[in-house]
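*Asks:* Pasting a structure here, questions to come.
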Amino acid sequence: MRIRRALTASLLAAAALFTGAGAAWAGNTGQNGDPTEAGTSFRTATAIKQDQKATADGTTGDYLYWQFPAGAGQRPTAKATVKLPESGARHGAATWQLDVFDGLRRRQACVEGEQTKKVAQQDTTVTLTCTLRAVRPYAERWSNDPLPGAYYVRLTLADGPDQDMGLPVHAEVEASAEDAGGKYAEGGELGAPLHAGAVAEPEDGWTGSWWSDRWLWTVGGAVLAALLAIGGYTLTRHPHRFTR
Numbered sequence: 004m005r006i007r008r009a010l011t012a013s014l015l016a017a018a019a020l021f022t023g024a025g026a027a028w029a030g031n032t033g034q035n036g037d038p039t040e041a042g043t044s045f046r047t048a049t050a051i052k053q054d055q056k057a058t059a060d061g062t063t064g065d066y067l068y069w070q071f072p073a074g075a076g077q078r079p080t081a082k083a084t085v086k087l088p089e090s091g092a093r094h095g096a097a098t099w100q101l102d103v104f105d106g107l108r109r110r111q112a113c114v115e116g117e118q119t120k121k122v123a124q125q126d127t128t129v130t131l132t133c134t135l136r137a138v139r140p141y142a143e144r145w146s147n148d149p150l151p152g153a154y155y156v157r158l159t160l161a162d163g164p165d166q167d168m169g170l171p172v173h174a175e176v177e178a179s180a181e182d183a184g185g186k187y188a189e190g191g192e193l194g195a196p197l198h199a200g201a202v203a204e205p206e207d208g209w210t211g212s213w214w215s216d217r218w219l220w221t222v223g224g225a226v227l228a229a230l231l232a233i234g235g236y237t238l239t240r241h242p243h244r245f246t247r
């Protein structure tokens, strides 16, 4: 009897432990499975998929981090929208900034978008975007070219009144990528994507899809060459048809 009671108690304790763990895990994702938290450093950056919307509650002055995947031939874009505190609780204008780093934690330049924006005290939201250069399958690491692997998004207040530090904010972040074209598929290939252990592999893989717009140019050039050859043969084979 004592053994049965001890076994029953152990099973109940284990069930409670797993239930609590499941509840804690569920608290990190929304109803659609989207992340609802952000990391506070590169090491704790929350992983998101391409075209997946992540949300997080934080405080003014915090550094919020996410990470997403990008493969060769893609041009990544990160977008963040911050819901600001009530204007009555703030003490002036503020500047928000969105930075994107590659797997080697090198800050990547934004070729499109507005990654730094100053907002007035009465503004309720601020939206920041950053589009990177196309990811290459291989490059010398000193060149700072974007490489396949994980990319880190960092959102923070760059400048603002000291009295506003600690006020609550709500952030929404989304990362997407578009095909940059076949000309970016040149070069070698990395042995492995950079620091990509926590993120999901892109749909077309880390090295990009086998299909690119190069095939259109190749096929089109071959067809044009064939037509020119047929026309030249006809012209030289039956010149009298054209002289008439």
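Under the numbering used here, the first residue of the sequence shown is numbered 4, with each subsequent residue one higher. Quick reminder that beta carbons are idealized off the backbone N, C-alpha and C, glycines included.
(1) Alpha carbon to alpha carbon, how far is Val122 from Gly169?
(2) For Ala174, which of Phe45, Lys52, Gln53 and Leu67 has the nearest alpha-carbon?
(3) Let's test the definition: count the other Cβ atoms within 10 Å of the Cβ of Leu107 and tell me whether it reaches 16, buried, or not, exposed.
(4) My understanding is that Val129 touches Val85, with C-beta atoms under 8 Å, so please give their C-beta distance in whole angstroms.
(5) Counting C-beta neighbours from all protein chains within 10 Å, is the total for Gln70 16 or more, i.e. buried, or is it exposed?
(6) Drop a sphere of 10 angstroms on the beta-carbon of Ala199, count the other beta-carbons inside from all chains shown, and report buried for 16 or more, exposed for fewer.
(7) Let me know the secondary structure DSSP gives Gly152 once reduced to three states.
(8) When DSSP labels each residue in this structure, what does Ala48 get in the three-state scheme?
(9) Report yes or no: do three or more beta-carbon pairs, one from the stretch 92-99 and one from the stretch 159-166, lie closer than 8 Å?
(10) From the DSSP output, in three-state form, read off Ala203 for me.
(11) Measuring only the C-alpha atoms, how far is Thr49 from Tyr154?
(12) Helix, strand or coil for Ala29? Go by DSSP, reduced to three states.
(13) Within the same chain, show all residues whose beta-carbon is closer than 7 Å to that of Glu192, passing over the 5 residues directly before and after it, in chain order.
(14) Looking only at C-alpha atoms, which of Val176, Pro171, Gln124 and Asp105 sits nearest to Pro196?
*Replies:* Quick answer:
(1) 17 Å
(2) Leu67
(3) exposed
(4) 5 Å
(5) Result: buried.
(6) buried
(7) strand
(8) Ala48: coil per DSSP, three-state reduction.
(9) yes
(10) coil
(11) Distance between the alpha carbons of Thr49 and Tyr154 is about 11 Å.
(12) Here the model assigns Ala29 a pLDDT of 34, short of 50, so the residue's position is not dependable and the matter cannot be decided.
(13) Closer than 7 Å at Cβ, skipping near neighbours: Pro140, Tyr141 and Thr210.
(14) Relative to Pro196, the option among Val176, Pro171, Gln124 and Asp105 whose CA is nearest is Asp105.
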